[in-house]
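See below for the structure under consideration.
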Amino acid sequence: MSPTIYTIMLSSLATGTIITMTSFHWLMAWIGLELNTLAIIPIISTLHHPRSTEAATKYFLTQAAASAMILFSSMINAWNTGTWDITQMSFLPSNTLLAVALALKLGLAPAHLWLPEVLQGSTLLTALIITTWQKLAPMSLIFLSANNLPPMILLTLGVISSVTGGWAGLNQTQTRKIMAFSSIAHLGWMASITSISPNIMIMSLMIYLIMTTALFSSLIFSKSKTIQDTTTTWTLSPTLTITTMLVLLSLGGLPPLTGFLPKWLILEELITQNMSPLALMMAMSALLSLFYYLRLTYTTALTLAPNTLQMKFKWRFKPTTPPALMAFSTLSVFLLPLTPLILS
Numbered sequence: 001m002s003p004t005i006y007t008i009m010l011s012s013l014a015t016g017t018i019i020t021m022t023s024f025h026w027l028m029a030w031i032g033l034e035l036n037t038l039a040i041i042p043i044i045s046t047l048h049h050p051r052s053t054e055a056a057t058k059y060f061l062t063q064a065a066a067s068a069m070i071l072f073s074s075m076i077n078a079w080n081t082g083t084w085d086i087t088q089m090s091f092l093p094s095n096t097l098l099a100v101a102l103a104l105k106l107g108l109a110p111a112h113l114w115l116p117e118v119l120q121g122s123t124l125l126t127a128l129i130i131t132t133w134q135k136l137a138p139m140s141l142i143f144l145s146a147n148n149l150p151p152m153i154l155l156t157l158g159v160i161s162s163v164t165g166g167w168a169g170l171n172q173t174q175t176r177k178i179m180a181f182s183s184i185a186h187l188g189w190m191a192s193i194t195s196i197s198p199n200i201m202i203m204s205l206m207i208y209l210i211m212t213t214a215l216f217s218s219l220i221f222s223k224s225k226t227i228q229d230t231t232t233t234w235t236l237s238p239t240l241t242i243t244t245m246l247v248l249l250s251l252g253g254l255p256p257l258t259g260f261l262p263k264w265l266i267l268e269e270l271i272t273q274n275m276s277p278l279a280l281m282m283a284m285s286a287l288l289s290l291f292y293y294l295r296l297t298y299t300t301a302l303t304l305a306p307n308t309l310q311m312k313f314k315w316r317f318k319p320t321t322p323p324a325l326m327a328f329s330t331l332s333v334f335l336l337p338l339t340p341l342i343l344s
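So, in structure tokens, the structure goes:
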């Protein structure tokens, strides 16, 4: 794909998301979602490979179905209440349908099966866009309609997603599929807190975006597509090895790293609302996710690939780390002390 067309696609992608995030009318939100979906299809299928074509097709079908369900739920609501306002969804069947549609759009379990397949058929950069930028529009709709969405459905989706994201990720060897299940698990945490505290959900989303961008940046820089590939990271840059390790541990939610902050606040809020069994299930599911993050940490930082050369560094690369990666990695590690500022 030529740089001009790629730039047009990326700007259309950004425009679609911004239209959805800034609209209060359901039709404008739907137009933004459609523009967003249509812009990313060519980006997914740039490889001209059957796998990427299949990924683009799967992505298109799921997103089109979810958008149609969102439009249908808003039409039913408008028919019964006379308003197209996103914040005024008061008709229960519409809210239920909307929650299901947004779950499909985000990739929440049990409507998650498209996400790992789509990421596996994409490049690492496209996978980064799908797991970060593409979550903004649906999450903004969830935030706007948080007071009206059925809490029971959101909590159920949240628990199923966090458990599925942890359990299904255990068996994976491809880094993109691991990141897909990581995304499902994190979105499950956000879904479970949405009806109780939308502000914590937004904070959790921001931290998730920072950590995922940091990890994908290191995977892109080291060209690691499988767990086995991560063993060669050290030959590129020792700094990269350390930062990748810290970001992985942060994604796992270990204190005193940034990733502990959303898990801590969400569990605290769930216990305050007398949902201790739910909080226990979420915490146990976090242990499942932690296992595959630790496995990646082990292969990245504690194992060295068989090396026949006398020199340790790849001769054609300088052992440097990109500034953007360092910035996101720093944020992924050191934000926990800002907790009082976030809570105030």
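Position one of the sequence shown corresponds to residue 1 (full-length UniProt numbering), numbered consecutively onward. Idealized CB from N, CA, C, for every residue including glycine.
Cross-strand partners of residue i (DSSP beta bridge)
{"i": "residue 25", "result": "85"}
{"i": "residue 174", "result": "226"}
Whole-angstrom C-beta distance between residue j and residue i, which should lie under 8 angstroms
{"i": "residue 27", "j": "residue 16", "result": "Contact flag wrong, Cβ pair sits at about 14 angstroms."}
{"i": "residue 254", "j": "residue 167", "result": "That pair is no contact at about 20 angstroms."}
{"i": "residue 109", "j": "residue 184", "result": "6 angstroms"}
{"i": "residue 173", "j": "residue 226", "result": "6 angstroms"}
{"i": "residue 332", "j": "residue 217", "result": "With 8 angstroms as the limit, residue 332 and residue 217 do not qualify as a contact, their Cβ atoms being about 10 angstroms apart."}
{"i": "residue 159", "j": "residue 281", "result": "6 angstroms"}
{"i": "residue 125", "j": "residue 220", "result": "6 angstroms"}
{"i": "residue 163", "j": "residue 237", "result": "Contact flag wrong, Cβ pair sits at about 36 angstroms."}
{"i": "residue 241", "j": "residue 300", "result": "6 angstroms"}
Beta-carbon contacts of residue i that lie in its chain and below 7 angstroms, excluding the five residues immediately before and after
{"i": "residue 138", "result": "102, 105 and 106"}
{"i": "residue 56", "result": "41, 44 and 45"}
{"i": "residue 132", "result": "209, 212 and 213"}
{"i": "residue 47", "result": "123"}
{"i": "residue 342", "result": "203"}
{"i": "residue 51", "result": "121"}
{"i": "residue 58", "result": "114, 117 and 118"}
{"i": "residue 71", "result": "30"}
{"i": "residue 9", "result": "39, 42 and 43"}
{"i": "residue 378", "result": "The chain is shown only over 1 to 344; residue 378 falls outside these bounds and no answer can be derived."}
{"i": "residue 271", "result": "279"}
{"i": "residue 260", "result": "253, 254 and 336"}
Rounded C-alpha distance that separates residue i from residue j
{"i": "residue 276", "j": "residue 294", "result": "27 angstroms"}
{"i": "residue 123", "j": "residue 204", "result": "26 angstroms"}
{"i": "residue 315", "j": "residue 302", "result": "Bear in mind that a pLDDT of 45 at residue 315, under 50, signals an unreliable position, so the number given afterwards is only what the model happens to contain. The alpha-carbon atoms of residue 315 and residue 302 are separated by roughly 22 angstroms."}
{"i": "residue 245", "j": "residue 42", "result": "33 angstroms"}
{"i": "residue 120", "j": "residue 274", "result": "39 angstroms"}
{"i": "residue 117", "j": "residue 97", "result": "25 angstroms"}
{"i": "residue 86", "j": "residue 61", "result": "24 angstroms"}
{"i": "residue 69", "j": "residue 92", "result": "15 angstroms"}
{"i": "residue 229", "j": "residue 191", "result": "33 angstroms"}
{"i": "residue 35", "j": "residue 13", "result": "7 angstroms"}
{"i": "residue 19", "j": "residue 38", "result": "14 angstroms"}
{"i": "residue 231", "j": "residue 224", "result": "9 angstroms"}
{"i": "residue 2", "j": "residue 67", "result": "29 angstroms"}
{"i": "residue 161", "j": "residue 189", "result": "8 angstroms"}
{"i": "residue 235", "j": "residue 256", "result": "28 angstroms"}
{"i": "residue 144", "j": "residue 112", "result": "23 angstroms"}
{"i": "residue 325", "j": "residue 64", "result": "33 angstroms"}
{"i": "residue 233", "j": "residue 186", "result": "26 angstroms"}
{"i": "residue 178", "j": "residue 81", "result": "43 angstroms"}
{"i": "residue 99", "j": "residue 304", "result": "46 angstroms"}
{"i": "residue 141", "j": "residue 222", "result": "35 angstroms"}
{"i": "residue 429", "j": "residue 53", "result": "Since the first residue of the chain shown is 1 and the last is 344, residue 429 is not available in this structure."}
{"i": "residue 94", "j": "residue 22", "result": "21 angstroms"}
{"i": "residue 338", "j": "residue 327", "result": "17 angstroms"}
{"i": "residue 171", "j": "residue 252", "result": "17 angstroms"}
{"i": "residue 363", "j": "residue 152", "result": "Given that the chain is displayed from residue 1 to residue 344, the structure contains no residue 363 and the question cannot be resolved."}
{"i": "residue 129", "j": "residue 135", "result": "9 angstroms"}
{"i": "residue 207", "j": "residue 7", "result": "27 angstroms"}
Neighbourhood of residue i by C-beta, 8 angstroms cutoff - its chain only, sequence neighbours within 5 removed
{"i": "residue 368", "result": "No answer is possible for residue 368: the residues shown for the chain start at 1 and end at 344."}
{"i": "residue 5", "result": "42"}
Cutoff 6 angstroms; reference residue i; Cβ partners in own chain excluding five residues on either side
{"i": "residue 25", "result": "84"}
{"i": "residue 329", "result": "214, 243 and 247"}
{"i": "residue 181", "result": "165, 168 and 169"}
{"i": "residue 335", "result": "258"}
{"i": "residue 154", "result": "191, 194 and 195"}
{"i": "residue 146", "result": "194 and 198"}
{"i": "residue 176", "result": "119, 120 and 127"}
{"i": "residue 90", "result": "81"}
{"i": "residue 148", "result": "89 and 95"}
{"i": "residue 78", "result": "84"}
is_contact[residue i, chain B] using C-beta, thresh 8 angstroms
{"i": "residue 330", "result": "This model lacks chain B altogether; it includes just one protein chain."}
> Fully enclosed by the region 183-223, which alpha helix (DSSP H) runs are 4 residues long or longer?
Replying inline: 198-222
>> Give the list of continuous alpha helix (DSSP H) stretches no shorter than 4 residues that lie fully inside the region 123-162.
In response: 124-131 and 136-144
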